[in-house]
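With my numbering, the residue at position 298 of the sequence shown is 806, and numbering never jumps. Glycine is no exception: its CB is placed at the ideal position from the N, C-alpha and C atoms.
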Amino acid sequence: MKDDTLRTDGGTATITDRLRRNVEQMTIEDAGLYVVLLLAAGFYLVPIESGLVTSIKTGTAIVQTAPFAPPGPSGFTLTKWQAAVEALLRGMGNSMLYAVPATIISAFVGSITAYGLTIPDWKQSYKALVLALIIAGIFIPYQAVLVPLTQFWSQWAQLTDLLSFVWALGIPDDYVGIVELVVTHVAYGIPICTLLFRTYYKTMSEEMIESARLDGATLRRVYRRIVFPLSGPMFAVVLIYQFTQIWNDLLFTLVLVSTESSPAAPVVLILAGLGTSMEGQDFALRMAGAFFAALPTLAVYIFFGDEFAEGVAA
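Structure (structure tokens):
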């Protein structure tokens with residue numbers, strides 16, 4: 509069989525024949541749908557393409573070429589990417605220090621909380637009250653807690669003194685802001701994680717849970733042996749959502765870390781001032797920095813992509 513043919517149940521057919529048959533069978537509704545999908549793809553991809561080509565242009569090429577046009581041989585450069593990596597690499601490490609543990613802890617605590625509010629048998633009115641109190645945390649805006657949050661960490665918690673043994677090891681006490689960010693994001697993430705997991709656990713087979721309990725399994729064993737292993741798709745959804753929210757958050761970072769010159773400055777704080785000077789904006793450097801800073805979130809989506817789709821469908 510030739511390379512340009514495909515075998516089907518009825519024999520062989522060239523790719524051209526199959527395409528022609530598909531076009532002939534296409535309705536107006538199908539054509540309209542494809543047009544809408546192409547326009548939507550262009551709407552989201554064109555800005556990305558513009559940012560990418562801007563990041564590899566020299567200053568002269570940015571002025572002389574259209575925003576969406578690629579640079580010519582004389583206008584191509586990777587120096588902005590090199591400068592962005594050098595400027596943001598330390599911040600990427602600092603962001604990982606609080607984004608990864610905060611994401612994992614909030615997801616795990618949200619799973620256990622949702623399990624306790626769904627599977628065990630206890631008074632329904634109490635369940636509803638506790639759930640309402642937890643979900644209420646979703647609707648508290650960040651701006652409303654900035655002052656009490658600052659007072660809590662600066663006046664009441666006193667982590668700088670409590671963690672003095674850590675600073676004695678040679679770690680700068682500026683990293684106390686990383687610890688504060690972990691706790692803050694965990695506290696803010698538990699409500700939404702609980703809601704997502706509870707919605708997922710409500711779809712689990714009650715007969716399966718009841719059978720395990722009739723066989724003598726404790727609540728802890730039911731969670732460890734049945735519920736937790738089946739929670740993979742929802743863990744993917746929660747991990748992607750939480751990691752993206754925490755990684756991109758700037759408000760809490762500004763409040764708790766304050767300055768980009770700090771050794772503990774996260775990547776979003778450094779990125780905010782990247783390419784900005786008295787001479788103006790270095791657009792190529794800012795675009796290169798933005799794409800470099802987005803790589804971890806892109807990697808998370810790729811790594812958990814299949815489970816994410818399954819969890820959303822559930």
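Residue i (DSSP reduced to helix, strand or coil)
i: residue 477; result: Outside the displayed span of the chain (509 to 822) sits residue 477, for which this structure offers no information.
i: residue 510; result: Confidence at residue 510 is low in this model, with a pLDDT of 44, below 50, so the placement of that residue is unreliable and no value is reported for it.
i: residue 588; result: helix
i: residue 789; result: strand
i: residue 565; result: strand
i: residue 726; result: coil
i: residue 767; result: coil
i: residue 577; result: coil
i: residue 481; result: Shown here, the chain extends from 509 to 822; a query on residue 481 therefore has no answer.
i: residue 611; result: helix
i: residue 522; result: strand
i: residue 619; result: helix
i: residue 817; result: helix
i: residue 802; result: coil
i: residue 663; result: helix
i: residue 628; result: coil
i: residue 679; result: coil
i: residue 758; result: coil
i: residue 744; result: helix
i: residue 671; result: coil
i: residue 752; result: helix
i: residue 739; result: coil
i: residue 705; result: helix
i: residue 604; result: helix
i: residue 716; result: helix
i: residue 648; result: coil
Assigned exposure category for residue i - 16 Cβ within 10 Å defines buried
i: residue 534; result: exposed
i: residue 590; result: exposed
i: residue 718; result: exposed
i: residue 550; result: exposed
i: residue 673; result: exposed
i: residue 576; result: exposed
i: residue 774; result: buried
i: residue 765; result: buried
i: residue 704; result: buried
i: residue 808; result: buried
i: residue 619; result: buried
i: residue 739; result: buried
i: residue 532; result: exposed
i: residue 515; result: Low confidence applies here, because residue 515 scores a pLDDT of 46, under 50, leaving its location unreliable; read the following figure in that light. It is exposed - the Cβ of residue 515 has fewer than 16 other Cβ atoms within 10 Å.
i: residue 664; result: exposed
i: residue 633; result: exposed
i: residue 579; result: buried
i: residue 741; result: buried
i: residue 730; result: buried
i: residue 708; result: buried
i: residue 814; result: exposed
i: residue 696; result: buried
Residue of the options minimising C-alpha distance to residue i
i: residue 824; options: 643, 779 and 812; result: For the chain, the structure presents residues 509 to 822; residue 824 sits outside this window and is missing.
i: residue 711; options: 627, 609 and 562; result: 627
i: residue 783; options: 776, 777 and 791; result: 791
i: residue 650; options: 785, 749, 809 and 761; result: 761
i: residue 797; options: 526, 754, 564 and 765; result: 564
i: residue 706; options: 570, 808 and 616; result: 616
i: residue 770; options: 733, 682 and 695; result: 682
i: residue 597; options: 814, 803, 818 and 810; result: 803
i: residue 726; options: 629, 750 and 772; result: 629
i: residue 772; options: 754, 679 and 708; result: 679
i: residue 688; options: 603, 538 and 720; result: 603
Supposed contact pair residue j and residue i - C-beta distance, whole angstroms, cut 8 Å
i: residue 625; j: residue 605; result: About 31 Å; that fails the 8 Å criterion.
i: residue 702; j: residue 622; result: 5 Å
i: residue 752; j: residue 692; result: That pair is no contact at about 17 Å.
i: residue 601; j: residue 777; result: That pair is no contact at about 13 Å.
i: residue 812; j: residue 748; result: 6 Å
i: residue 585; j: residue 566; result: 5 Å
i: residue 661; j: residue 667; result: 7 Å
Cutoff 8 Å: residue i Cβ touching any chain C Cβ
i: residue 751; result: Looking at the structure shown, chain C is missing, and only one protein chain is on hand.
Contact under 8 Å by Cβ, residue i with residue j
i: residue 763; j: residue 654; result: yes
i: residue 716; j: residue 562; result: no
i: residue 735; j: residue 816; result: no
i: residue 569; j: residue 559; result: no
i: residue 690; j: residue 609; result: yes
i: residue 614; j: residue 698; result: yes
i: residue 588; j: residue 793; result: yes
i: residue 754; j: residue 607; result: yes
i: residue 781; j: residue 768; result: yes
i: residue 611; j: residue 750; result: yes
Check: residue i C-beta below 7 Å from any heavy atom of the ligand COA
i: residue 621; result: Among the ligands in the structure shown, none appear at all, so the ligand COA cannot be discussed.
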